[in-house]
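A.B. asks: According to the working numbering, the sequence shown is numbered sequentially starting from 764.
Take this structure, written in structure tokens, and hold onto it; I'll ask about it next.
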Amino acid sequence: MKFYCLLLFSAIPTFSFSQKPKTENVVVVVLDGLRWQEVFAGADSALINRPAFTKSKAKIDKKFWDNDFKVRREKLFPFLWKTVAKQGQMYGNRYLQNFADVSNPFQMTYPGFSEILTGYADPAISSNRLVTSKSQNVLEFINKQKGYEGKVAVFATSDLFPALMDRDNSKVYINADSDSLAFGSAEFRLLNEMQRLTSKPTTERPDLLTYFAAREYVKAFQPKVLFLALGETDAFAHDGNYDQYLHTAYAQDKMISELWNLIQSIPQYKNKTTLLITCDHGRGDIIKNQWTSHGPQIKDSGQVWIAAMGPDTKPQGIFIEKGRYYLAQLATTTAALLGFDFKPETHQAMTPIFSIFRK
Ligand SMILES: [Zn+2]
């Protein structure tokens, strides 16, 4: 049966490019558990008006509220809406019947990242820390391609990443959680010390340090593929702290903006880099109190969003066509942007999101 399946898969024609993509570098940013509801409609009044979740309503209203949802979302995500949505594409606006979902049944971080990296939902990858097979990981695959050896780097706030990426057997540079930040400038080495002192919502390091580490690495080593996973949105949401969830979402947008500005100032990247931004899972919303959580028991927490911008991406803004997209498509999309056809050995990966790189 297995042999038959493999034959069947190999008979499926592979896609081909009408022209080679202009993209030479890809930056993938994943914002842990950041809901599509905030991305497309800004801060949520139902949560701002509940003292159990929002401690400083006046402050939050002043910074993030407007009656017009278009102004509101821009206040929360200025880079996403003023730059990415203008120059690129946004998927997963369910208000317009455009759907983006996880393809795994667990709706949690580990399986979410696993499908982003492998292109399929492995039923064995549940909440357990089972390794995502390196032979089926798009970052390992790209790191083996000519010209890309040693040019793939992962920076993550989450302590799941060493297991997720099977670091002991990986040639990809992986810097996660409490890993040393001691490279780059002397000023930056000080951050390594600060890492132990900074207050944070979980035992994981703050996103800001993950971001600084990635930024310094880009300056020093100029990776062709950078995978940046920020995590504080999920941590604050689990705490039921909507004030800080919003502040963090805003800060993450700022970090991506600064990273993009840096990249556009370096010749290797300028106008040759595609930026993909997404999340690993959604959170509850139908039952409002469930915004703090996600998982198989929370039906709507598999709903996600995807943003893309780069030299091969048509500036289309919000995708309004009825359609459905999956996180798992990002593995083959990332490879395809660089001209590679990524095929895991034992599973069939989902096809790329062709509209991201075909003008
Ligand atoms: Zn979580």
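Just so you know, even glycine gets a beta-carbon here, dropped at the ideal spot from N, CA and C.
1) Which residue's Cα is closest to the Cα of residue 942: 914, 977, 911 and 1009?
2) Can you tell me whether residue 997 sits near ligand 1, meaning its C-beta is under 7 Å from at least one heavy atom of the ligand?
3) Can you give me the start and stop residues for the beta strand (DSSP E) that residue 938 sits inside?
4) Please tell me whether, using a cut-off of 7 Å, the distance from the CB of residue 1055 to the nearest non-hydrogen atom of ligand 1 is below it.
5) Since residue 1069 is in the alpha helix (DSSP H), which residue starts that stretch and which ends it?
6) Considering only heavy atoms of ligand 1, does any lie closer than 7 Å to the CB of residue 872?
7) Around the C-beta of residue 835, are 16 or more other C-beta atoms found within 10 angstroms, so that it is buried, or is it exposed?
8) Any chance the region 1022-1034 sits against the region 973-988, with 3 or more Cβ pairs inside 8 Å?
9) Along the chain, which unbroken stretches of the beta strand (DSSP E) at least 3 residues long are found entirely within the region 979-1024?
10) Since I believe residue 810 is in contact with residue 1016 (beta carbons under 8 Å), could you give me their beta-carbon distance rounded to a whole number of angstroms?
11) Please report the straight-line C-alpha distance between residue 1116 and residue 1062, rounded to a whole angstrom.
12) Would you call the CB atoms of residue 1090 and residue 1041 closer than 8 Å?
13) Quick one: what's residue 1087 bridged to in DSSP?
14) If you reduce the DSSP assignment to three classes, tell me which class residue 1026 lands in.
15) I'd like to know if the region 916-932 and the region 989-998 are in contact, where contact means that at least 3 CB-CB pairs between them fall below 8 Å.
16) Count the CB pairs spanning the region 1101-1112 and the region 893-902 that are closer than 8 Å, and state whether there are at least three.
17) Quick check: what's the CA-CA separation for residue 795 versus residue 783?
18) Ignoring anything shorter than 3 residues or poking outside the region 807-891, list the beta strand (DSSP E) runs there in chain order.
19) Decide if residue 1092 is buried, meaning its Cβ has at least 16 other Cβ atoms within 10 Å, or exposed.
20) First and last residue of the alpha helix (DSSP H) that includes residue 788?
21) Who are the near neighbours of residue 789 in its chain, counting only those whose CB is closer than 6 Å to its CB and skipping five residues on each side?
22) Where does residue 971 sit, in a helix, a strand or coil, going by DSSP?
23) Any heavy atom of ligand 1 within a distance shorter than 7 Å of the CB on residue 1001?
24) Starting from residue 1080, follow its DSSP beta bridges and name the residues at the other end.
25) Is any non-hydrogen atom of ligand 1 found closer than 7 Å to the C-beta of residue 875, if you look at the structure I gave you?
26) According to DSSP, simplified to helix, strand and coil, what is residue 1040?
27) Under 7 Å from any heavy atom of ligand 1, does the C-beta of residue 1086 make it?
28) Would you be able to state if there are at least three C-beta pairs under 8 Å between the region 855-873 and the region 1047-1066?
C.D. replies: Taking the structure as given:
1) The residue with the shortest Cα to Cα distance from residue 942 is 977.
2) For residue 997, the shortest separation between its Cβ and any heavy atom of ligand 1 lies below 7 Å.
3) Note, residue 938: beta strand (DSSP E), 936-939.
4) Flag unset: Cβ of residue 1055 not near ligand 1.
5) Element bounds for residue 1069: not the alpha helix (DSSP H) but the beta strand (DSSP E), 1069-1072.
6) Yes, Cβ of residue 872 sits closer than 7 Å to a heavy atom of ligand 1.
7) Residue 835 is buried by the Cβ-count criterion.
8) Taking 8 Å as the limit for Cβ pairs, the verdict is that the region 973-988 does touch the region 1022-1034.
9) Note on the region 979-1024: whole beta strand (DSSP E) runs with a minimum of 3 residues are 988-993, in chain order.
10) The pair is not a contact, with the Cβ atoms about 18 Å apart (cut-off 8 Å).
11) Here the alpha carbon of residue 1116 sits roughly 25 Å from the alpha carbon of residue 1062.
12) Yes, these two residues count as a Cβ contact at 8 Å.
13) Beta-bridge annotation (DSSP): residue 1087 is paired with 862.
14) In the structure shown, residue 1026 sits in a helix (DSSP, three-state: H, G or I).
15) Touching, yes, given that three or more Cβ pairs across the two stretches are closer than 8 Å.
16) Counting Cβ pairs under 8 Å, three or more are found: they touch.
17) Near 32 Å, if we compare the C-alpha coordinates of residue 783 and residue 795.
18) Within the region 807-891, the runs of beta strand (DSSP E) at least 3 residues long that lie entirely inside it are, in chain order, 852-854 and 861-864.
19) Flag for residue 1092 reads buried.
20) Residue 788 -> not in any alpha helix (DSSP H); beta strand (DSSP E) instead, spanning 788-794.
21) Counting only Cβ-Cβ distances below 6 Å, and skipping sequence neighbours, we find 988, 1037, 1097 and 1100.
22) Reduced to three states, the DSSP call for residue 971 is helix.
23) Between ligand 1 and residue 1001, a heavy atom-to-CB distance of less than 7 Å is present.
24) Under the DSSP definition of a beta bridge, residue 1080 partners with 852.
25) No, since every heavy atom of ligand 1 falls outside the 7 Å radius drawn around the Cβ of residue 875.
26) Looking at residue 1040 - three-state DSSP - the assignment turns out to be strand.
27) No, the Cβ of residue 1086 stays beyond 7 Å of every heavy atom of ligand 1.
28) Segments in contact, yes.
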